[in-house]
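Residue numbers (our numbering), protein chains in the order written: chain A, 6 to 337; chain B, 6 to 337.
Built from N, CA and C at the ideal position, the CB exists for glycine as well.
This one's a predicted model, so the numbers in the text were calculated from it and none came from an experiment.
To start, the structure under review is shown below, and the notes come after it.
Protein chains: 2
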Amino acid sequence: MATIYQVADLAGVSLATVSRVMNGNVKVSDKSRAKVQSAMKELGYQPNIIAQSLASNRTNRVGVLVSELSGPFFSYMLAVVESALREEGKHAIITAGHSDVAKEQEGIEFLFGCRCDALILHIDAVSDEYLLKLKERKVPFSLINHRIDDIADCCFTVDNEQGGYLAAKAVIDMGHTKIAYISGPEFKEDARMRLEGHKRALEEAGLTFNEALHYRGNYNEDGGKAGFDELSEQRFSALICANDEMATGAMYSARKHGLDLPHDLSIVGYDDQVFARYTYPTLTTIKNPIAEMGSMAAKWVLKEVYNINTAEIIHNTFEPKLIIRNSIEENI
Amino acid sequence: MATIYQVADLAGVSLATVSRVMNGNVKVSDKSRAKVQSAMKELGYQPNIIAQSLASNRTNRVGVLVSELSGPFFSYMLAVVESALREEGKHAIITAGHSDVAKEQEGIEFLFGCRCDALILHIDAVSDEYLLKLKERKVPFSLINHRIDDIADCCFTVDNEQGGYLAAKAVIDMGHTKIAYISGPEFKEDARMRLEGHKRALEEAGLTFNEALHYRGNYNEDGGKAGFDELSEQRFSALICANDEMATGAMYSARKHGLDLPHDLSIVGYDDQVFARYTYPTLTTIKNPIAEMGSMAAKWVLKEVYNINTAEIIHNTFEPKLIIRNSIEENI
DNA sequence: AACATGAATGAAAGCGCTTTCATTGTTTGT
DNA sequence: ACAAACAATGAAAGCGCTTTCATTCATGTT
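Structure (structure tokens):
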């Protein structure tokens, strides 16, 4: 592996000059530049990025922490983030936090240990105080799906309240008035917001939120099953679930109870997971623009940390979208 | 950020000694060790891994290339690989090859550029010659889902032929004799092997493979749709698809054609994607042990490159498994 | 008591770059 | 024609570690 010395030798210049042409910043005469470039080519020179990092105190690493690496949800975001970073020669170091305080902190420390220039964090569990304290450690980071008012400019969130609203509104617009709801775990911010939005839609339509038609689920399929089982003692013509997994669980239970879907019961999910297109009936759901958020977070890092400006304007809030499929029907 | 000098100062020893206690290899007296450790704690010292890398010519980075970051399929494998590596303090640098020769090579070069100690590659497109040439570049790598005889010990593959066999056998055992097949793209090794296995099962049962009952798909949902549409001119009671996406596509088309599933047609997929549990009827499919393969590849790297031995024995071939759900029925 | 042995330690070189600062050579202004 | 200003360049220090090699010191041997 050729080093900068050999390039300098071959080109007949000092290594300072070679370094300069690599970094393209300071003025170098065209003549020297040409000599250096041809020497580089001849030697097949590739700079040692480790040495560059050490000397420049820049690692070109960006740490990315998501709840889970597996699952279509985050992996899609990762894909977007990784390719945006790679395009600019930055390396993504990726790890998972598993929605657990200790593991998230451990993950963040791991990324710190990697000497990342910046972090992109999708956290679930860690406290705001912890994150605010992180700010003092001089490694810039951005937050996906979580907003802290004091540092709002680095937070990229989707309006989950609006998503909850849209889901409810979809069935309200179809004439449903008895609407059940299976919510996500309360410790998750998005779950709380979706429920808020749900209530707002009901209120706006002059309906009252009935706690008897509300089941607190766990975001898993079995939560949906259990939820429907418990709710089935009540009467309702539409069921909103705070995510798609629970919606499929509810579908399963509903069919067990002898319901004909979607005729007897309209169901709405949330997230627009890949499988939402494969359920039967296909699932009406809310799509969060995760890819856009990931892309924006990456751009923020690029701009803020590396001074690489994209034309695009940074914005921090994203709007969810209703995806209508076959799991809801007019209430007659 | 404290450096090794400050630790040495505070402990009253030389930096060589500090380095020694960090790396735990050479003998250090208990007294010095204690002094150094308490100095480290007092300063909150964290070694600069960049400097370590430069000095030791070890980056503790492992490059991982998969076809796609998004999608449940690879992300699951990534999750396993990442956590296995992280457990030993290694950093996974992850990137995607998008099943394209140029992009895969670019991805591999990118990982080389990161100065990875080793690579774990899930490639689709790149040629064997290219990979054999890589071997000469002194960065060890392992191959997932692709076998090259000359370097078989670093290849981790699943027996796709056996998987194809199992899929066909599942419906044969249920009395089906008219069996259609939608295959994957021929340039993909796994697609070819699955078809091989399919043929073997037919042969073993005394059935002949009928090219008229074979459609070459593209591994996507629409390929399944198109496949069924074309095949529907023939008579058959069972349809095997080379992956789950095509199976759902075929289901969709079959229902469009007025078939009652699974009564009129038994369908088998491949991969056991998450959504296979959500289709209607739920999909019988073949599960490849991707997680196990990923884990094994990580262990191989750990052992081969870092001399970290796990108790587990390295093996290179993995067996697929039939997952029976509701999309197949006895042929009457 | 004189010596060989071996364990613990430190001095210093080196990993491959970036960057500062001084130096050289070249223009420009008068 | 000469000083002043400036552009291009090189020498060398430094980034924070690892590792080699020489040195010191305690121990055991005869």
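Any C-beta of chain B under 7 Å from that of A/L136: Counting from one through the first sequence, the residue named residue 136 of chain A turns up at place 131. Not closer than 7 Å to any Cβ of chain B, the Cβ of A/L136 fails to qualify, so no.
Going by DSSP, which residues form a beta bridge with A/R152? The residue you call residue 152 of chain A lines up with position 147 of the first sequence. Answer is none; A/R152 lacks a bridge partner.
If I measure Cβ to Cβ from B/V144 and keep anything under 8 Å in the same chain, skipping five residues before and after, which residues do I get? As a first step, residue 144 of chain B is located in the second sequence; it is residue number 139 there, counting from the start. F117, C121, D122, A123 and L124.
Report the residues of the stretch 116-143 of chain B with a CB closer than 7 Å to any CB of chain A, ordered along the chain. G118, C119 and R120
Contact set for A/D234: own chain, Cβ-Cβ below 6 Å, skip 5 residues either direction: Within the first sequence, numbered from 1, the residue matching residue 234 of chain A stands at position 229. Hits under 6 Å: S258.
A/L218: which of A/R205, A/Y186 and A/I245 sits nearest, CA to CA? Numbered from 1 along the first sequence, position 213 holds the residue referred to as residue 218 of chain A. Closest by alpha carbon: A/Y186.
Once you ignore the five residues that flank A/D276 on each side, which residues in its own chain have a CB closer than 6 Å to its CB? Here residue 276 of chain A refers to the residue found at position 271 of the first sequence. Closer than 6 Å at the Cβ level, and outside the excluded window around A/D276, lie N248 and D249.
Straight-line Cα distance separating A/A173 from B/I291: Here residue 291 of chain B refers to the residue found at position 286 of the second sequence. Here residue 173 of chain A refers to the residue found at position 168 of the first sequence. If you take the alpha carbons of B/I291 and A/A173, they lie about 38 Å apart.
Own chain partners of B/V279 with C-beta closer than 6 Å, once the 5 adjacent residues on each side are dropped: Position 274 of the second sequence, counting from 1, holds the residue named residue 279 of chain B. Within the same chain, B/V279 has close Cβ partners P77.
Rounded to whole angstroms, what's the CA-CA distance from A/T253 to A/L270? Just pull it up for me. By one-based count along the first sequence, residue 253 of chain A stands at place 248. By one-based count along the first sequence, residue 270 of chain A stands at place 265. Using only the alpha carbons, I get a separation of about 13 Å.
Inter-residue Cα distance where the pair is B/E47 and B/V26: For the purposes of this step, residue 47 of chain B is identified with residue 42 of the second sequence, where counting begins at 1. For the purposes of this step, residue 26 of chain B is identified with residue 21 of the second sequence, where counting begins at 1. Distance between the alpha carbons of B/E47 and B/V26 is about 16 Å.
If the cut-off is 8 Å on Cβ atoms, which residues from the stretch 52-67 of chain A count as contacting chain B, listed in chain order? N53, I54, I55, A56, S58, L59 and T64
Beta carbon proximity, A/Y285 to chain B, threshold 7 Å: In the first sequence, counting from the first residue as 1, residue 285 of chain A sits at position 280. Judged by the 7 Å Cβ criterion, A/Y285 is in contact with chain B.
If you follow the alpha helix (DSSP H) that A/L264 is part of, which residue opens it and which one closes it? By one-based count along the first sequence, residue 264 of chain A stands at place 259. Unbroken run through A/L264: none, as it is neither H nor E.
From what residue to what residue does the alpha helix (DSSP H) around B/R199 run? Numbered from its first residue, the second sequence carries residue 199 of chain B at position 194. Start and end: E194 to E209.
Under 8 Å from the C-beta of A/T8: neighbouring residues of chain B: Residue 8 of chain A sits at position 3 when you count from the first residue of the first sequence. Near A/T8 there are no residues of chain B at all, since even the closest Cβ is about 12 Å away, more than 8 Å.
Spatial distance of B/A7 from B/P52 (CA atoms): Against the second sequence, residue 7 of chain B aligns to sequence position 2. Against the second sequence, residue 52 of chain B aligns to sequence position 47. Rounded to whole angstroms, B/A7 to B/P52 spans 8 Å at the Cα level.
I believe A/E127 touches A/F79 by the beta-carbon criterion, under 8 Å. Please report the beta-carbon distance rounded to the nearest angstrom. Counted from its first residue, the first sequence places residue 127 of chain A at position 122. Counted from its first residue, the first sequence places residue 79 of chain A at position 74. One point to set straight first is that residue 127 of chain A is His, not Glu, in the sequence displayed. About 7 Å; that satisfies the 8 Å criterion.
Name the chain B residues that come within less than 8 Å of A/E73, Cβ to Cβ? For the purposes of this step, residue 73 of chain A is identified with residue 68 of the first sequence, where counting begins at 1. A84, listed in chain order.
Closest by C-alpha distance to B/L148, when choosing among B/D155, B/E141, B/D154 and B/F161: Within the second sequence, numbered from 1, the residue matching residue 148 of chain B stands at position 143. The residue with the shortest Cα to Cα distance from B/L148 is B/F161.
Hey, how far is the Cα of B/V12 from the Cα of B/Q42? On the second sequence, residue 12 of chain B is found 7 positions in, with the first residue counted as 1. On the second sequence, residue 42 of chain B is found 37 positions in, with the first residue counted as 1. Rounded to the nearest angstrom, the two C-alpha atoms are 9 Å apart.
Within 6 Å: the Cβ of A/E226 and any heavy atom of the ligand SAH? Questions concerning the ligand SAH fall outside what the structure shown contains, since it holds no ligand whatsoever.
If you count every other CB in all the chains shown that lies within 10 Å of the CB of B/Y220, and 16 or more means buried, which is it? Sequence index remark: in the second sequence, residue 220 of chain B carries index 215 (1-based). The residue in question, B/Y220, is buried, as its Cβ has 16 or more Cβ neighbours within 10 Å.
What residue range is occupied by the uninterrupted beta strand (DSSP E) comprising A/K292? For the purposes of this step, residue 292 of chain A is identified with residue 287 of the first sequence, where counting begins at 1. Residues T290 to K292.
Going straight from the alpha carbon of B/N341 to that of B/G228, what length do you get? Nothing in the structure corresponds to residue 341 of chain B, since chain B is present only between 6 and 337.
Please identify the residue among B/Q239, B/G222 and B/N165 whose C-alpha is closest to the C-alpha of B/F323. Against the second sequence, residue 323 of chain B aligns to sequence position 318. When each option's Cα is compared against that of B/F323, the closest is B/N165.
Compare the beta carbon distance of B/S332 and B/I272 with 7 Å and say whether it is the shorter of the two. In the second sequence, the residue the question calls residue 332 of chain B occupies position 327. In the second sequence, the residue the question calls residue 272 of chain B occupies position 267. For B/S332 and B/I272, yes; Cβs fall inside 7 Å.
What does a CB cutoff of less than 6 Å around B/R205 pick up in its chain, not counting 5 residues either side in sequence? Taking the first residue of the second sequence as position 1, residue 205 of chain B is located at position 200. These residues qualify, in order along the chain: Y170.
Do you know how far the Cα of B/A39 is from the Cα of B/L327? If you number the second sequence from 1, residue 327 of chain B lands on position 322. If you number the second sequence from 1, residue 39 of chain B lands on position 34. Roughly 57 Å separates the two Cα atoms.
Would you call A/G189 buried or exposed, if buried means 16 or more other Cβ atoms sit within 10 Å of its Cβ? As a first step, residue 189 of chain A is located in the first sequence; it is residue number 184 there, counting from the start. The residue is buried, with at least 16 neighbouring Cβ atoms inside 10 Å.
Does B/V69 come out as helix, strand or coil in the three-state DSSP assignment? Here residue 69 of chain B refers to the residue found at position 64 of the second sequence. Residue state, collapsed to three classes: strand.
Could you tell me which whole beta strand (DSSP E) segments of length 3 or greater appear in the stretch 149-191 of chain B? 160-163 and 184-188
Quick one: list the residues of chain A neighbouring B/E93, beta-carbon separation under 7 Å, in chain order. One-based indexing of the second sequence puts residue 93 of chain B at position 88. Neighbours of B/E93 on chain A: none; closest Cβ ~12 Å, over 7 Å.
Identity of the residue in A/K36, A/L136 and A/G202 nearest A/V106 by Cα: For the purposes of this step, residue 106 of chain A is identified with residue 101 of the first sequence, where counting begins at 1. That would be A/L136, whose Cα lies nearest to the Cα of A/V106.
With DSSP as the reference, label B/V273 as helix, strand or coil. As a position in the second sequence, residue 273 of chain B is number 268, starting the count at 1. Reduced to three states, the DSSP call for B/V273 is strand.
Check the Cβ-Cβ distances between B/H320 and every residue of chain A, and say whether any is below 7 Å. Residue 320 of chain B sits at position 315 when you count from the first residue of the second sequence. Cβ-Cβ to chain A under 7 Å: no for B/H320.
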